[in-house]
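Following: one structure in structure tokens, then a few remarks.
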Amino acid sequence: MNRCGAAAGLLLLAVVARAQVSDTAGYLQRMDADGDGRVSGQEYVQWMLYAFDRMDADGDGVLGSHELPGGKGPPISREQQRQTLIQRFHKQDANGDGYLDARELAAPPR
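According to numbering that gives the first Met the number 0, the stretch in the sequence shown is residues 0 to 109, in order.
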């Protein structure tokens, strides 16, 4: 894994920790902005980027090492994080229908 991927992984862990949802159904419900019982790629990315935005203390669109969990890692831009999230969404979308259901959200990362 490259340094940017490692930083993105740390950021994803921070997202999960901050979400504070103890079950998959609750997680799906919070991510599902339109209430259709599934999570689109847009809903997934929007939900996951909130942590980036909260961590970007100086609002410059880049998380420097001082803003990353543990204060370590290479800088990562909001666009880099968005691209990483899109890739992860597609990996989690096991049936390829463009949405994540509760089962796909609960599955270990592929």
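Every residue, glycine too, gets a C-beta built ideally from N, C-alpha and C.
Bear in mind the structure is a predicted one, so any value in this text is a computation, not a measurement.
Contact between the segment 36 to 56 and the segment 75 to 84 is present: three or more C-beta pairs spanning the two stretches fall below 8 Å. Residues GLY60, VAL61 of the same chain have their beta carbon placed closer than 7 Å to that of SER76, with the five preceding and five following residues left out of the count. ALA101 sits away from ALA32, with the two beta carbons spaced by 8 Å or more. The criterion of a C-beta distance shorter than 8 Å is not satisfied by LEU99 and TYR26. For ALA24, the enclosing alpha helix (DSSP H) covers residues 23 to 30.
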